[in-house]
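First residue of the sequence shown? That's 1 in full-length UniProt numbering, and the numbers climb one at a time after it.
Below is one structure, written out as structure tokens; comments come after it.
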Amino acid sequence: MSAVPLAIDSRHAVVIGGGPAGLMAAERLRAAGMEVDVYDAMASVGRKFLLAGKGGLNLTHSEDSLSFRSRFAERCEEVGAWLAHFDGPALRDWAAELGVDTFVGSSGRVFPVDMKSAPLLRAWLARLRNSGVRFHMRHRWLGWDEEGCLRFAHGDAQLTLPHTGAVVLALGGASWPQLGSNAGWVPLLTAQGVDIAGLRAANCGFNLGLAREGRPQPGWSPLFADRFAGQPVKPVVLHFEGRSGRRFDRQGEFVITSSGVEGSLIYAASSLLREEIAEFGEAVMHLDLLPDRSDSFVMDEVARPRGSRSMSTHLKSRLGLEGLKAGLLFEVLSKDEYADLPTLARTIKRLPLRLASTRPVAEAISTAGGVRLEELDEQLMIKRLPGLFCAGEMLDWEAPTGGYLLTASMASGWVAGEGAARHLQRGAGMAV
Numbered sequence: 001m002s003a004v005p006l007a008i009d010s011r012h013a014v015v016i017g018g019g020p021a022g023l024m025a026a027e028r029l030r031a032a033g034m035e036v037d038v039y040d041a042m043a044s045v046g047r048k049f050l051l052a053g054k055g056g057l058n059l060t061h062s063e064d065s066l067s068f069r070s071r072f073a074e075r076c077e078e079v080g081a082w083l084a085h086f087d088g089p090a091l092r093d094w095a096a097e098l099g100v101d102t103f104v105g106s107s108g109r110v111f112p113v114d115m116k117s118a119p120l121l122r123a124w125l126a127r128l129r130n131s132g133v134r135f136h137m138r139h140r141w142l143g144w145d146e147e148g149c150l151r152f153a154h155g156d157a158q159l160t161l162p163h164t165g166a167v168v169l170a171l172g173g174a175s176w177p178q179l180g181s182n183a184g185w186v187p188l189l190t191a192q193g194v195d196i197a198g199l200r201a202a203n204c205g206f207n208l209g210l211a212r213e214g215r216p217q218p219g220w221s222p223l224f225a226d227r228f229a230g231q232p233v234k235p236v237v238l239h240f241e242g243r244s245g246r247r248f249d250r251q252g253e254f255v256i257t258s259s260g261v262e263g264s265l266i267y268a269a270s271s272l273l274r275e276e277i278a279e280f281g282e283a284v285m286h287l288d289l290l291p292d293r294s295d296s297f298v299m300d301e302v303a304r305p306r307g308s309r310s311m312s313t314h315l316k317s318r319l320g321l322e323g324l325k326a327g328l329l330f331e332v333l334s335k336d337e338y339a340d341l342p343t344l345a346r347t348i349k350r351l352p353l354r355l356a357s358t359r360p361v362a363e364a365i366s367t368a369g370g371v372r373l374e375e376l377d378e379q380l381m382i383k384r385l386p387g388l389f390c391a392g393e394m395l396d397w398e399a400p401t402g403g404y405l406l407t408a409s410m411a412s413g414w415v416a417g418e419g420a421a422r423h424l425q426r427g428a429g430m431a432v
């Protein structure tokens, strides 16, 4: 089948995918007076949304619009167009309409007052159902039949839907597949000639490529991994300067894993680190273990006479370096390097870590890649398949954690839902 014929003579829309982008598309379609059916492969909608809120639901960020849009890097113009319709302040107003008050944390991130995702999702679903949106769970999308009708698997049965006026796909990327986003849509759209950028891990952890004399295998030493895996490194500044000019400098914290590193500071730099690895085979980042101390201060303290004290005791006494941070020094320095005072002082302020690969995409918080935005019009309709819209993480963009990903996903759902409604209105001869 070379194309998917979608009739435009009805007021009926189908949304496939019940995450934030799909639910927002359904909301906008219903607000425009359209009949809306939401299909999802899981037993309930919003599963990734609920899991993401376990540690406190980060809805959006309070920074100014220009800074907010810059977080989307090379896609800032396209994503910025979505945010013109539904941005951070609009999201907070939307939550308030659902009875969920929000507050701005010390980092500028925005959270519900109760820090929970379940009450917000329950209120949202209640409003959607009360408005007339119909939900169909455990329906896995299989593509189209030869007549262009949507096909679904439901239990042991396969169902075919009559032609509908518009379809919004909001099927997510490839992260956390156990929650429903398994990239099963990729071959279905590829078969229709849609250009899709390969899905890659975003906001992800990395495997270490660290090795030194006497330890040829990359990664942490068994002693270090056993003692420190799961512990945070803080505060530190992460410096990265790639061979293609990519740069990153930020203070924060991250977590040691058994195979490498993960956590908020790593996620913030993950797109740059990932692309460096893809292009050059590794990425080297540097850590300032004492960001509140100058290079000269550290050198002076390291060089102070220590008498009979060991260097480890000396560093703990003079600089407060102990535990995990002290362990990092032993991981990257040989015995001779550790004994060389200038080398030791430089490493405290610029400790190198070599990263060899990202963790598997299934473990990532989100994914990069997807339907290339050039395939879509301004209303997120696939140009070659009129009536078929896409939203959310299945599109080729990415964002750091901090509320940016959720806000832009919902904004894309807003645009796709509005676009689908206008498509139906035009097909029915209604004024748009």
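Think of the CB as a built atom: it goes at the ideal place given N, C-alpha and C, for glycine as much as any other residue.
Here the structure is a predicted model, which means the values were calculated and not measured.
Collapsed DSSP secondary structure at residue i in the structure displayed
i	result
R422	helix
A197	strand
V371	strand
N207	strand
residue 449	The structure shown has nothing for residue 449, since the chain only spans 1 to 432.
E63	coil
residue 435	Nothing about residue 435 can be read from this structure; the chain reaches only from 1 to 432.
E27	helix
F389	strand
A73	helix
A202	strand
A416	helix
A21	helix
R11	coil
M1	Only weak support is given to the placement of M1: the predicted model assigns it a pLDDT of 33, under 50, and the question is left unresolved by the model.
T164	coil
V186	helix
M381	strand
Sub-8 Å separation of residue i and residue j beta-carbons
i	j	result
A25	A416	yes
W124	L23	yes
V168	A420	yes
R372	I196	yes
L265	G252	yes
G173	S310	no
L341	A303	yes
F206	R359	yes
V233	P291	no
L150	V14	yes
M115	L57	yes
F389	A166	yes
S175	A364	yes
D37	R134	yes
I382	E374	no
Cβ of residue i within 8 Å of any chain D Cβ
i	result
L50	In the structure shown, chain D cannot be found, because there is only a single protein chain.
Buried versus exposed call for residue i [16 or more other C-beta atoms within 10 Å across all chains shown]
i	result
T60	buried
P400	buried
V100	buried
E398	buried
V432	Since pLDDT at V432 reaches only 46, below the 50 mark, its modelled position is unreliable, and the value read off the structure follows with that caveat. Exposed: under 16 other Cβ atoms inside 10 Å.
S107	exposed
residue 433	Residue coverage of the chain in this structure runs from 1 to 432, which leaves residue 433 outside it and unanswerable.
A52	buried
H85	exposed
G105	exposed
T313	exposed
T160	exposed
D396	buried
E331	buried
S181	buried
D288	buried
A73	exposed
S357	buried
G323	exposed
T190	exposed
D9	Below a pLDDT of 50, predicted positions are generally treated as unreliable, and D9, at 43, falls in that range; no measurement from the model is reported.
7 Å Cβ shell around residue i - same chain, five flanking residues per side excluded
i	result
E27	L128, G417
A70	In the sequence under discussion, the amino acid at residue 70 is Ser, which differs from the Ala named in the question. Same-chain partners within the cutoff: C76.
L121	G46, F49, L50
A229	I256, T257, S258
D377	K383
Other residues of its chain near residue i: CB distance less than 6 Å, five sequence neighbours each side excluded
i	result
A21	A170, A391, G392, S409, S412, G413
residue 433	Examination of residue 433 is not possible in this model, given that the chain is present from 1 through 432 alone.
M299	A345
A153	R140, L142
H12	E35, T164, G165
L353	M285
Spatial neighbours of residue i in its chain, beta-carbon cut-off 8 Å, leaving aside the 5 residues before and after
i	result
T102	L59, R92, A95, A96, V110, F111, P112, V113
Practice task
Run through the UniProt domain "RsdA/BaiN/AoA(So)-like insert" (220 to 366) for me and flag every whole alpha helix (DSSP H) of 4 or more residues, listed as ranges in chain order.
Solution key: 222 to 228, 264 to 280, 295 to 303, 311 to 319, 323 to 332, 335 to 339, 341 to 349
Practice task
Return the chain-ordered ranges of every beta strand (DSSP E) run that is complete within the segment 75 to 158 and spans a minimum of 3 residues.
Solution key: 102 to 104, 109 to 112, 134 to 136, 140 to 144, 150 to 154
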